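Worksheet: the structure to be examined is printed underneath.
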Amino acid sequence: MRSKKMLVELLKSLRPRQWTKNLLVFGALLFVPGAIEHGGAWGRSILAFVIFSLAASAGYIVNDIRDRDYDRAHPKKKNRPIASGKIPVGAAVAFSILLLIVVIAGSLYLDMVDFILPPPATPLDRIPYAFLLTLVFYIVLTFFYTVYFKNVPIMDVLVLSGGFTLRAVAGAVALRVTISPWLILCTGLLALFLVLGKRRQELIRLQTNCELPSTGDEAGRSALAGYTIAMLDQFLMIAASVNVMSYSLYTFSTSGHPDDRLMLTIPFVIYGIFRYYFLIHSRNQGEAPEEVLLKDRPLALCLFLWVISVAILFLLPGFKEPV
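Okay, so the sequence shown: first residue is 685 according to this note's numbering, each after it adds one.
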């Protein structure tokens, strides 16, 4: 019975709800015409999603080990398995190492096996173990974020956004397709917008509870001490604006879709950005972006309609691969 409870707590420490962030690996699948109908491409994308989900979970465990004292003072995080003491630190370390072994093995398999998808002639063919290298870069970035960058204002949100961007890049690498700079730009800017909203709500909660972090507090998130609500609000407005602008430019400025049909999806992006901005300021949401995306029905419906509309437009005759 005790081992069963330990297994349940280990599964909780994976934070499966946050695996929604790794859906970004499917971005390349969606934005490569014809790939959405290819069984091999779906298989590679699904495996890439699983690999990055487990890699992210290993990072969450390491982060929970490092921040366990800080989490015990948090109204929600105090119930996490490591912070609550339900999982010993030694067991958590061993579990994270096991996860890393699994994701490295999965990455090697993805790099070495073609599935049904024939290897296309792309620059990625000249890079051996391209997916594994992308994964290692993500793991290294996550490690340095955990031990250093999360305590440095501005750099904390930029590095965290970079982790989201690497997920999208990994999706393209898994499919062995040319990585679109627009995919990188739009993904990075959207991640920056979400992370800034998360920081704003964290700061509001700390101010409300009179728990402002000090710059020297290594257990807490000391980067918050360098922000103000007004500053983050300005950053959010800038991020919201450039998100809409960059996506709009993408829809009619690339050679992949000369008929500009993707412009029809711009209203979904505008509504989605505005809706999230509304939830941040009017309902004090945003500290857990994955929960907002799953629980807010208008936002979830907007995201669903955007995906469906993009897929339909890409399947229409005459659409070429975006570059």
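From the three backbone atoms N, C-alpha and C, an ideal C-beta is built for every residue, glycine too.
Remember, it's a predicted structure, so these values are computed and weren't measured experimentally.
Beta-carbon proximity check, residue i vs residue j, cutoff 9 Å
| i | j | result |
| --- | --- | --- |
| ALA852 | SER729 | no |
| LEU825 | LEU794 | no |
| ALA923 | PHE958 | no |
| LYS705 | PRO765 | no |
| LEU873 | ASN927 | yes |
| PHE936 | CYS986 | no |
| ILE863 | ALA732 | no |
| SER791 | ILE735 | yes |
| VAL994 | LEU983 | no |
| ARG750 | THR830 | yes |
| TYR960 | GLY970 | yes |
| LEU708 | THR871 | yes |
| ASP917 | ARG883 | no |
| SER768 | LYS760 | no |
| GLN1067 | ILE964 | Past the edges of the chain, shown from 685 to 1007, lies residue 1067, and the structure says nothing about it. |
| ALA789 | TYR822 | no |
| PHE827 | VAL746 | yes |
| GLN702 | ALA739 | no |
| SER932 | MET947 | yes |
| ALA725 | PRO837 | no |
| ARG860 | ALA814 | yes |
| SER930 | TRP866 | yes |
| LEU694 | ILE785 | no |
Buried versus exposed call for residue i [16 or more other C-beta atoms within 10 Å across all chains shown]
| i | result |
| --- | --- |
| GLY774 | exposed |
| ALA914 | exposed |
| ILE992 | exposed |
| LEU887 | buried |
| GLY743 | buried |
| ILE996 | exposed |
| THR949 | buried |
| SER780 | buried |
| ARG699 | buried |
| ALA757 | exposed |
| GLY881 | buried |
| ASN893 | exposed |
| LYS834 | buried |
| LYS688 | exposed |
DSSP state of residue i mapped onto helix, strand, coil
| i | result |
| --- | --- |
| ILE838 | coil |
| HIS965 | helix |
| SER937 | helix |
| GLU971 | coil |
| VAL797 | coil |
| ASN893 | coil |
| LYS760 | coil |
| ARG699 | coil |
| TYR955 | helix |
| THR818 | helix |
| ALA767 | coil |
| THR704 | helix |
| ARG728 | helix |
| THR862 | coil |
| ASP944 | coil |
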